[in-house]
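Whatever position you read off the sequence shown (first residue = 1), add 394 for our numbering.
Below: the structure, in structure tokens.
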Amino acid sequence: MAGLKKKKDIDMLNGPILGRMVVYTIPIILSGLLQLLFNAVDMVVVGRYAGEEALAAVGSTSSLINLLTNLFIGLSIGSNVLTAHYIGAGREKETSQVVHTSMMTAIISGLIMTVIGFFVVKPILVLMGSPKDILPLSVLYLRIYFFGMPMMLLYNYGSAILRAVGDTRNPLIFLTLAGIINLFLNLFFVIVLGMSVAGVAWATVISQAVSAILVMWCMSTKEGGVKLLLKKMTFEGHIFLRILQIGLPAGIQGVVFSFSNVIIQSSINLFGSIAMAGNAAASSIEGFVYISMNAFSQTSLNFVGQNAGARQYDRIKRIFFTCFIMVTIWGLGIGLLTCYFGKNLLYIFSSDPKVVEAGLTRIFYICGPYFMCGQMEVVVGALRGLGVAVLPMIVSLIGACALRIVWIMTVFQQFKTAEILYLSYPISWLITTLAHLVCLFFVYKKHKQKFGK
């Protein structure tokens, strides 16, 4: 099993837990923050140098991109969990099968998305009510964007496998390099060549190709079962079914969450343009808070996953409680800081005091108690690390989606205020976390009885 690791890969199976979790989590947080910053730069470049129509065309496609990609990116969680399990168990042959099947899955899924992007996006955008004046630009952007889907998925699957090994540093480095390339290509294509939305799309595709190539190169330098060899790129049916069994529920959960957010957005729209603008600005700030919460979920998943494979149940217990405390402290800290500096942050997006005030409402009710969302994510990560996927999906969809919809149809109808609407978030987080904790208790107990030494 020692052959699976290099010095830069974090050993999740032995030694102190807290320090290694911190070292593991920080690069994931930084990767997420960089991704958000690079996306923001894309919007700034196209908005300043290609005009409002181009900005609207690019901005209006984000919800559709998320909806269509969540399902396939969710499958990478299946690759992540299986890799962690087999590494923990020291099963190099099975690890190699997961690695090569995962990368083939990424290529095939990416090609499917490319076909969808070329033939389906236009009718979908029409159904979504995309304005006729920006429809051609939106279609052009999406067709080019989805052309790069194989590379984007290769990076996502590859980085998920590297995280399972204990390597979060290299994906951060590769993302940074790709982001810098994306920035310079944006400026060159849009300003120098005047390519508008096509320039932004091609810059994204090229930078994604760079990050995918770097991840694949890194995997080829690894030792043992995680070493990527092009001649071994195969599609093992039984491995794919196991990846699907774990990853598909996560993908479905992401898709349904996208639908539920549309319903919540429609309720916010009832309060007019000021509330909508404040909500949009606060949501952008909230995205940075969520990134760190999700990072702790990945830490929980991989540390629990490897130790589940090694059948180290006492260590799993310590890992979970350590990660749960970490996300609580971090979430409280970043939530309070966001509330304290909320007004200053919102003024970056708008100079209208009414918009800022509307944004502060969302920040107070959602960003303030965001540690509860982090707790929920950590418990879900632990459940997935133990190889359970359908149960956390069902609980999350009932608790974090259905409950909010019921809240909107009942409580919100009686007290139609933004405060009451936003209150649905912390309430749903609390109830869902408690439900997940009950599930984790029984899953851990059953897993230990079945596989414990």
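From the three backbone atoms N, C-alpha and C, an ideal C-beta is built for every residue, glycine too.
Same chain, Cβ closer than 6 angstroms to residue i, five either side skipped, listed in chain order
i	result
L465	G645 and V649
K399	Caution is warranted here: a pLDDT of 43 is assigned to K399, below 50, making its placement in the model unreliable, and the coordinate value is therefore given only provisionally. Correct list: empty, nothing qualifies.
Q491	E630 and I633
S818	R798 and W801
A796	none
N550	I467 and S470
M627	H494 and M498
Short Cβ contact (8 angstroms threshold) for residue i with residue j
i	j	result
V774	S691	yes
V416	I404	no
N375	L407	What the structure shows of the chain is the stretch from 395 to 847, and residue 375 is not part of that stretch, so it cannot be assessed.
S540	T489	One point to set straight first is that residue 540 is Phe, not Ser, in the sequence displayed. No, Cβ-Cβ distance for F540 and T489 is not below 8 angstroms.
S590	A444	yes
A554	V604	no
A595	I538	yes
A829	V749	no
H841	L780	yes
N576	F432	yes
T755	A812	yes
L419	T598	Correcting the residue identity first, residue 419 is Thr in this sequence and not Leu. In this structure, T598 does not lie closer than 8 angstroms to T419 by Cβ.
I459	I685	no
V721	V584	no
S614	K621	yes
Opening and closing residue of the alpha helix (DSSP H) in which residue i lies
i	result
F735	It is not in any alpha helix (DSSP H) - F735 carries neither H nor E in the DSSP assignment.
F809	No alpha helix (DSSP H) holds F809; DSSP gives it neither H nor E.
R778	F765 to G779
C612	S590 to S614
L505	E486 to F513
V800	L797 to M803
R557	M543 to V559
V749	P747 to R756
Close Cβ partners of residue i (< 7 angstroms) along its chain, the five nearest in sequence each way excluded
i	result
G397	Bear in mind that the predicted position of G397 carries a pLDDT of just 38, short of 50, making it too unreliable to give a figure here.
R709	N701
A704	L407, G482 and A483
T570	L428
E771	M687, N688, F690 and S691
T827	M766, Q769, M770 and V773
L412	T716
L834	V773, A776 and L777
V832	none
V586	none
L669	Sequence check: residue 669 is Ala here, not Leu. I662, A752 and A812.
S744	A671, A675 and V750
Proximity to residue i [Cα-Cα], best of the options
i	options	result
L777	L424, F714 and V452	F714
Y759	G736, Q769 and G779	G736
T463	S503, A478 and V440	S503
Q647	L780, V599 and M787	M787
A783	I640, V698 and L577	I640
P544	Q602, K516, L664 and V586	Q602
F568	E486, L581, L548 and M627	L548
V698	I685, K844, P525 and F718	F718
A500	Q706, A448, N474 and D746	N474
K516	L529, I506, L505 and L739	L529
R442	T477, L521, P410 and N580	N580
V435	F578, L740 and P410	F578
I742	A671, V440, T722 and G762	A671
Residue i Cβ short of 7 angstroms to the ligand MN heavy atom set
i	result
F582	What this structure holds is no ligand at all, so the ligand MN is not there to describe.
8 angstroms CB neighbourhood of residue i in its chain, flanking five on each side removed
i	result
F806	S661, I814, L815 and S818
P421	T562, R563, P565 and L566
L638	L469 and G472
H479	G699, Q700, A702, G703 and G781
V609	L548, Y549, G552, S553, L556, N564, P565 and F568
V837	L777, L780, V782 and L785
Can at least three beta-carbon pairs, one atom from the segment 491 to 499 and one from the segment 470 to 483, be found at a separation below 8 angstroms?
Yes, the segment 491 to 499 touches the segment 470 to 483.
- Cβ pair count under 8 angstroms reaching 3, the segment 559 to 576 against the segment 529 to 538: In this structure the segment 559 to 576 does not touch the segment 529 to 538; the number of beta carbon pairs closer than 8 angstroms is below three.
Exercise for the section: Evaluate the contact criterion for the segment 426 to 439 versus the segment 719 to 738: three or more CB pairs, one atom per stretch, below 8 angstroms. Expected result: Contact fails: fewer than three Cβ-Cβ distances are below 8 angstroms.
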